[in-house]
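Inspection log for the structure reproduced underneath, given as structure tokens.
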Amino acid sequence: MSEHDHDHDEHDHDEHDAPLSDDEARAEAERLVRKEVALAQIRQYGDPVLRMRAADAESFDEELARITGRMTELMHDADGVGLAATQIGILRRFFVCTLDGEDHVLVNPVVTPVGDETETDDEGCLSLGSIRVPIERALRVEVEARDAAGEPVSLSLEGMDARVVQHELDHLDGVLLLDRTDAESRREALSQLRPRLVLTS
Ligand SMILES: [Zn+2]
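Take 6 as the starting number for the sequence shown in the working numbering and just add one per residue.
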């Protein structure tokens, strides 16, 4: 998911901010470069791997620790709050996410809605450029998973955190936001995602 959900991107400077100092401007320029480099390593819409279902992860070894550590870095560099293995071309069931300010690695997650209550809010995706579409999600979920070391993890989540986990779980099943939004939002999003025709003389 993109961090720009709910319009609280802490990095944005609005018109009330003082002009950036040289150091701040340099830090901001570096942040943007890191973001671009991270996004270039994340599979983008049109890549068939985003449509494939991942299989259970079987070994909780150094390789898994290394990959999930790298994914957490990528997620932060890309200003995201979640990143699934499929988004970097690995067809195994794990993702990283930030829930209530804390980073998590969730392996072989099982997500169960609690109650019937749902909430519709705009979501973005690190694999879908800047599109944002309304998505209905369960308001509360229970998560059973393993961490990178194979230890069991149980989480009760609500609101934004529950939304993040449902979004990442979808990635492990090859499901994208476009499959979950309404017809009109899908049409609009597709028109943004389709490569633009450029006429040259
Ligand atoms: Zn996504």
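In this text, a Cβ means the ideal position worked out from N, Cα and C, and glycines have one as well.
If you're wondering where the values come from, they're calculated on a predicted model, not measured in any experiment.
Using a Cβ-Cβ distance cut-off of 9 Å, determine whether residue i contacts chain D.
| i | result |
| --- | --- |
| valine 86 | Absent from the structure is chain D; it holds one protein chain and no more. |
If you run the structure through DSSP and keep just helix, strand and coil, what is residue i?
| i | result |
| --- | --- |
| leucine 96 | coil |
| serine 159 | strand |
| leucine 182 | helix |
| valine 116 | strand |
| arginine 151 | strand |
| alanine 60 | strand |
| arginine 192 | helix |
| proline 24 | coil |
| glutamate 15 | Any reading at glutamate 15 must be qualified, since the residue scores a pLDDT of 45, below 50, and its modelled position is unreliable; the value itself is stated next. Coil at glutamate 15, not helix or strand. |
| aspartate 84 | coil |
Could you give the distance in angstroms between the alpha-carbon of residue i and the alpha-carbon of residue j?
| i | j | result |
| --- | --- | --- |
| alanine 194 | histidine 172 | 17 Å |
| isoleucine 136 | alanine 83 | 15 Å |
| glutamate 78 | glutamate 29 | 22 Å |
| arginine 39 | aspartate 61 | 31 Å |
| valine 112 | alanine 90 | 10 Å |
| glutamate 63 | methionine 76 | 18 Å |
| methionine 165 | valine 146 | 11 Å |
| valine 148 | glutamate 141 | 18 Å |
| arginine 53 | glycine 179 | In the sequence under discussion, the amino acid at residue 53 is proline, which differs from the arginine named in the question. So the two alpha carbons sit approximately 9 Å from each other. |
| arginine 71 | valine 86 | 19 Å |
| leucine 104 | serine 161 | 11 Å |
| valine 81 | arginine 97 | The amino acid occupying residue 81 in the given sequence is histidine; valine does not appear at that position. If I take the Cα positions, the gap works out to 21 Å. |
| histidine 176 | cysteine 102 | 13 Å |
| leucine 174 | aspartate 27 | 41 Å |
Would you kindly check if the distance between the Cβ of residue j and the Cβ of residue i is under 9 Å?
| i | j | result |
| --- | --- | --- |
| leucine 198 | glycine 129 | no |
| proline 114 | valine 42 | no |
| alanine 153 | phenylalanine 65 | yes |
| isoleucine 95 | alanine 59 | yes |
Give me the DSSP bridge partner(s) of residue i.
| i | result |
| --- | --- |
| aspartate 127 | Pro139 |
| threonine 103 | Asp108 |
| valine 146 | Pro118 and Leu162 |
| glycine 74 | In DSSP, glycine 74 forms no bridge with anything. |
| alanine 89 | Phe100 |
Rank the options by C-alpha distance to the C-alpha of residue i and give the top, closest one.
| i | options | result |
| --- | --- | --- |
| glycine 155 | Ala45, Ser26, Thr73 and Asp184 | Thr73 |
| arginine 185 | Val170, Pro139, Ala150 and Glu163 | Pro139 |
| aspartate 108 | Arg56, Pro114 and Phe100 | Phe100 |
| leucine 182 | Leu131, Pro157, Leu144 and Ala150 | Leu131 |
| valine 119 | Ser159, Arg36, Leu177 and Glu163 | Glu163 |
| threonine 259 | Ile95, Ala167, Glu68 and Asp127 | Here the chain has residues from 6 to 206 only, and residue 259 is not among them. |
| threonine 125 | Leu25, Ala34, Asp187 and Gly106 | Asp187 |
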